[in-house]
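Structure below.
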């Protein structure tokens, strides 16, 4: 006994046996193991120890190692998927496992093992008397490997699936394969074995489970070959081409048979009678149309039948009656015709569980379900039921029903009252239908045996108190997302009898306090009260009362105040999400002490201020931390970067953090996402980040970092996204940066220099390159897998290379504001290219057929170059939405083919030498308007899929420069979605303005200035209700300004200066009251405010043009006016005469008035005639 204690003491002091530790180190060296290959399950466990010090790590703590709790010897090695495939095939030295004498479990699957070294095969492991489990699946072994396995007599479980085994198994020494008398489980699935392999398995007398799925077994399957396997209970033959079974007496103990994805064969089903004691049959994913079970089948013991994903016909369904013991029938996702034979005389009346999820079930089936009187589980999720469901004669008759699932259908109306009859119901799933009504008056109140209730995605009204369920003492799970939650007005409160374990009441629009029943819950493990606009502080009492609580979601409420945590540490809470609330103040300094077991913490979108508490370092299990979009300041605490050894994602974006990013002793070894954008960090990119060798996303944009990009970033094996934009980084790019596995690089708005060709050599994995606004020189480099290339605002030179046409993945090309010269390449457009931005370069020559074959091109920006010639006609053959060709030397007419572009949002042809007429058929509107029209013409077909895309989105991803309101702006994609405009200014266009342009009622900008246009301003322009800028200046327009234009209430800029317009300026109302003299100057015949020229001057009238004659009177038709005036005058006279005739009083008053007036006139003339004679007027 003393010796045993001494030995145990020696083992404990060294953690594991010295021989095991040394053997592990030798094994690791042989594996050629790469840490970078395995970020999620590293070979060793101690995160704080560097790779060079691995020899002092406690080997029983290694992640893939398990030791015996009593002896300390290694008993399990889980080495699956540990090899880097780039290392090539692996020839194993099995002797390396010999030191592990107590090993009972060895997993080597998915490692590209092709074989063993000579004389170092698995026969060497015969001395490992405890080895019971060996997994060699998903490797490259052939049947030769089996010779070395025959000596492993202690094996019980052997996995050989997914290898390259073909044909018959030939073993030296005859058919003693597998001299494995103890083997109970053998998996040889997914190989290329044929029927004759069965004879090689005869000696496996102890075998209980045999999997031969997805091999090349075909034709009749002779069960006599398996006679010796008298203990076989489970046989899997999925995915083979077996036509029938030839009976045998040796299969009496077989209980489960797997025939998944078998082709239909009547002989196959009828031969199943050979398995007289079969209890479980899987035939999922099979084509069973035209087949049926034999009428006198021996499957009298079959209890479970799984037909999920199969196609079955009427005959097959009818033949189910020959299965008298069937208890479970699963027909999920089936396509079948006919009705399951359920009637009073059917053998299926003993059925306990029926699963029809996502199958096309005839609704008439519901009325026959009452015959399944023993049914306990009925699941009809996603069966396409619609309308008001009728259950009275069907489902409501199932007195023993315990589980009912009718979720994900299209059912509507109130819940049937007869549901109250299902008093045995324990689980009810009603989610994602269109049920309505107040839960308080529904039949759910009487289902007091309910344990699980899910009503998400309906139109129920649910009281926040859950008072209808107060008597449901067994209720443990309550889920409601997206229903209307309301507060009861009676104020009555009763104690609930339930103790919930899971509570979801989210997205209900409720606005108030936490429900009172929550204060009396003590068993909660999961709580989601998100999106309810609750208006209290943090519910620390909820954590205090529920010590088993694991996950708490309070997203997007109106919770405010400081974050007050419970006094005592909560040891079970693993997830806390309080994002998008109004919490303020400091984060509790002791948060890491109070919540030490958190693995997920999300506090984004609040008002937290102050520094990040150093106690986060106590959260050794924390994997996700998001403190973004707050007001935090200070530095990242060193304790966090040292103590949070499990951290995978750290998101601190959009705060006011400063200082160095990490200290040199950072220990975030397994970090794979780091987002620190939108802060005030300074200094260079710290070398300590190189310790985070599994980093996949590094986002440091919009800080104050300086210095050079470190070379070690190019050695980060897993790095996929690197964003250093909007900093002060300078110098040239490391030569190895793009030869790594990085897929997206964002370096815009820095001070980077150097040659582009040198930096981008070998960028085979790169998908996105954004390096605009730097000082890069040289010519464009080849990155054939790029999807987005943005190198605008640099100093690139040279020509656009022809190899761009070979970049099959390229979608966006932006080389604006460089020094690129030469002609555009002929037909260089990759098939998926959607945006081309080449403005402000020195391109020259003709367009020719450069973009002729661009089936996806949406944006074409060639402005500010030296291009010449005509705009080609093929421009109307590509789906352009944004055409920007301004500031070139294009000539000729505007091609009429532009009228074919039915999704055009922006066209700028200004500052060219274009002539001819403006096409009357131009179309232009915003992308948003186009999408609205498509939605009206082709609305979504189902309520469950409202976000169906109606057509390819034509919204660009890059900003576009366009001139409006006399200024040039860069419009971001989010604005372009609602923006549209036409700029044809500064050309030589002639003729009249097409009145059809007035039909572009969604346009924002129309600029036709500085041309030679004649005629009148079309009155149809009054239809441009959304226009903000209308410039018609510097033309030869004549006639009046249509007064209807004053109805353009969005107009901010209006200019008709320097034309030949006449008459009065528009009335100074609405927007026209804001336009000054500059809007009208240069029109000699125009008068009225704000011009200094008054319209009261009696100057000769100008000649009237035919167009003006037509519209001279504006709104008024003079002929109609004269007629209406005469008619009105006569009616007034007749009315006066009628009044005088009817009313004698008014008649006397009228004649008295006439008499008095005549007398006054007489005396006026008598008195004034002498005076007039004095002036010689008599």
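Residue numbers (mature numbering (1 follows the signal peptide of the UniProt record, and there is no 0)): -16 to -1, 1 to 1162. Backbone N, C-alpha and C define an ideal beta-carbon position, used for all residues, glycine too.
- Listed in chain order, the non-local C-beta contacts of residue 1053 below 6 Å within the same chain comprise 1030, local neighbours out to five positions each way being set aside.
- Distance check between residue 612 and each of 627, 586 and 1025 places 586 closest, using alpha-carbon atoms only.
- As the crow flies, the alpha-carbon of residue 687 is around 7 Å from that of residue 666.
- In this structure residue 276 is buried. Its beta-carbon is surrounded by 16 or more other beta-carbon atoms within 10 angstroms.
- Residue 656 and residue 669 have their C-alpha atoms roughly 17 Å apart.
- For residue 989, the three-state secondary structure derived from DSSP is strand.
- Residue 417 has no beta-bridge partner at all, per DSSP.
- Taking all protein chains shown into account, residue 625 has 16 or more neighbouring C-beta atoms within 10 Å of its C-beta and is therefore buried.
- Across the structure, residue 181 and residue 151 are spaced so that their CA atoms are roughly 7 Å apart.
- Residue range 486 to 490 is occupied by the beta strand (DSSP E) that includes residue 486.
- Taking the Cα positions, residue 238 is about 32 Å away from residue 59.
- Excluding sequence positions up to five before and after residue 699, its CB lies within less than 8 Å of the CB of 674, 720 and 724, all in the same chain and listed in chain order.
- At a Cβ-Cβ threshold of 9 Å, residue 847 and residue 830 do not count as neighbours.
- Note that the region 1005 to 1012 does not touch the region 1040 to 1052; fewer than 3 beta-carbon pairs, one per stretch, sit closer than 8 Å.
- Between the region 950 to 958 and the region 967 to 986 there are fewer than three inter-stretch CB-CB distances shorter than 8 Å, so the stretches are not counted as touching.
- Around the beta carbon of residue 443, fewer than 16 other beta carbons sit within 10 angstroms, so the residue counts as exposed.
- In the DSSP assignment, residue 12 falls within the alpha helix (DSSP H) that extends over 2 to 15.
- Here residue 228 is not near residue 190, since their CB atoms are 9 Å or more apart.
- Residue 132 places its beta carbon 9 Å or farther from that of residue 116.
- When the Cα atoms are used, residue 483 and residue 507 turn out to be separated by approximately 6 Å.
- Per DSSP, reduced to three states, the secondary structure at residue 251 is helical.
- Here residue 873 carries a strand assignment [DSSP, helix/strand/coil].
- The DSSP-derived three-state label of residue 119 is strand.
- For the region 494 to 519, not one full-length alpha helix (DSSP H) segment reaches 4 residues or more.
- A direct Cα-to-Cα measurement between residue 375 and residue 273 gives close to 30 Å.
- Residue environment for residue 767: buried (at least 16 other C-beta atoms within 10 angstroms of its C-beta).
- By the criterion of a C-beta distance shorter than 7 Å, residue 837 is surrounded in its chain by 811 and 813, once the five residues flanking it on both sides are discounted.
- Nearest to residue 627 by C-alpha distance, out of 432, 577 and 332, is 577.
- Ranking 994, 332 and 706 by CA distance to the CA of residue 358 puts 332 first.
- Going by beta carbons, residue 783 and residue 805 fall inside the 9 Å limit.
- In this structure, residue 542 lies near residue 517, with their beta-carbon atoms less than 9 Å apart.
- Cβ-Cβ distances below 8 Å link residue 841 to 813, 817, 818, 819, 820, 835, 862, 863 and 864 in the same chain, with the five nearest sequence neighbours on each side left out; the list follows chain order.
- For the pair residue 147 and residue 114, the CB atoms are not nearer than the 9 Å cut-off.
- Counting along the chain, residue 665 sits inside the beta strand (DSSP E) bounded by residues 664 to 667.
- In this structure residue 1145 is exposed. Its beta-carbon is surrounded by fewer than 16 other beta-carbon atoms within 10 angstroms.
- Exposed is the label assigned to residue 72, since fewer than 16 other Cβ atoms lie within 10 Å of its Cβ.
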